[in-house]
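Here's the structure, in structure tokens; my notes come after.
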Amino acid sequence: MDLLDSMKVYVLTVEKGSLSAAADVCGMSATMAGNHVRTTRRQHVTAFGEEYYARCKEILRLVAETDAQAQTMRLAPAGVLRVSAPVTFGTEALAPVLGDYLTRYPDVDVELDISDRVVDLMGDGFEAAIRVGQVPPDAALVARPLAPYRLMLCASPDYLARRGTPATPADLAGHDCLSFGAASLVQWRFERDHDVCRVPVDGRVKINNGQALRVAALQGLGIVLQPEILLASDVRAGRLVQLLPDYEAPSRPMHVVYLPDRYRAPKLRSFIDFILERFGATTS
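So the sequence shown is numbered by the numbering used here: it starts at 5 and just counts up by one.
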């Protein structure tokens, strides 16, 4: 028997004055009601019974109030949502659409942590994170796939006027290529018609920041291979020119990850749905 049901029958028995009256209110037989309170006779309520009645009534009130609050929470996303995203994606893709999310869900506040570090969702107190690259199997996390994180090869018109335009990946060996980081040997990978080629590249400038590499390319310092979301607006505006468009540049998988037990919260569900709507694999 359910303890809350037993409490409800007991409270109604005290208030209605009889077990049969309580049974009628609960829509059950007197025998069934008797199984909850272990009596079928009208009895005087003892001092302990009065105290038990008061406590049962308070418990039932709190349960009903909590259930109403839970129903409200399920219907209306609200509260503070903490999200982690890598620098380029967070700055160039996620931040520009946050306004749309906040307009749709006015009772949700967002704390966006933009960093390339891999956060611990539980330990660092995040509801969700965007991860670029393969996500290791982890039973503690749910990983929903997003559109691949594609790279784009570009250079400024000024650079191309001075150095020429590469026609094949092999031509990159004779160009100044802007590398990410300070690795002594960098290879760029391209694919066409299922043929993969890897080209060693070098240049005078190496920078460990994508935005800074973009600026270097805009200044005509070399050819850059960076995320499409970082360079596409410059290509559309004519500040950069896409190179080797017939070749597929590298791409990396991207996911939004979250803890499964927190997905019940409306604020997280609303955010995950929004991210899949804007950046899901079918939107690529």
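Where a beta carbon is used, it is the ideal one built from N, C-alpha and C, also for glycine.
DSSP, reduced to helix, strand and coil, places serine 183 within a strand of the structure shown. With distances taken between CA atoms, leucine 7 lies nearest to Val67 out of Ser183, Val49, Asp28 and Val67.
Residues of the same chain with a CB within less than 8 angstroms of the CB of tyrosine 57, apart from the 5 flanking positions on each side, are Tyr14, Val15, Val18 and Val49 in chain order. Contact between alanine 132 and tyrosine 262 holds, with the beta-carbon distance rounding to 5 angstroms and staying under 8 angstroms.
Taking the Cα of serine 255 as reference, the smallest distance to any Cα among Asp71, Trp192, Pro141 and Asp113 is reached at Trp192. Contact check for alanine 151 against alanine 285 passes: the beta carbons are separated by less than 8 angstroms. Of the candidates Leu225, Asp180 and Ala27, the residue whose Cα lies closest to the Cα of valine 203 is Asp180. Runs of the alpha helix (DSSP H) lying entirely within the stretch 260 to 286 and spanning at least 4 residues, in chain order: 270 to 283. Counting only residues of its own chain and dropping the five nearest sequence neighbours on each side, glutamate 69 has no CB closer than 6 angstroms to any other CB.
Residue state for glutamine 191 is assigned as strand, using DSSP reduced to three classes. Between the beta-carbon of leucine 182 and that of glycine 214 there is about 10 angstroms, and that puts the pair past the 8 angstroms contact cut. According to the DSSP assignment, serine 88 belongs to the beta strand (DSSP E) that extends over 83 to 89.
At a Cβ-Cβ threshold of 8 angstroms, serine 274 and valine 87 do not count as neighbours.
Note on geometry: alpha-carbon atoms of serine 237 and glutamate 96 lie some 10 angstroms from one another. In the DSSP assignment, glutamine 215 falls within the unbroken alpha helix (DSSP H) covering 214 to 222. When the beta-carbon positions are compared, phenylalanine 93 and isoleucine 134 come within less than 8 angstroms of each other.
Between glycine 224 and leucine 247, the alpha-carbon positions lie close to 14 angstroms from each other. Arginine 167 and leucine 176 have their alpha carbons spaced roughly 11 angstroms apart. When secondary structure is reduced to three states using DSSP, alanine 253 falls in the coil class, being assigned neither helix nor strand. Shown here for lysine 61: same chain residues with a beta carbon closer than 6 angstroms to its own, the five before and five after excluded, namely Val15 in chain order. Residues Gly185 of the same chain have their beta carbon placed closer than 6 angstroms to that of asparagine 212, with the five preceding and five following residues left out of the count. Between proline 149 and glutamate 55, the alpha-carbon positions lie close to 56 angstroms from each other.
Taking the CA atoms as reference points, arginine 240 sits about 41 angstroms from arginine 268. Proline 170 sits in coil when the DSSP states are folded into three classes, being neither helix nor strand.
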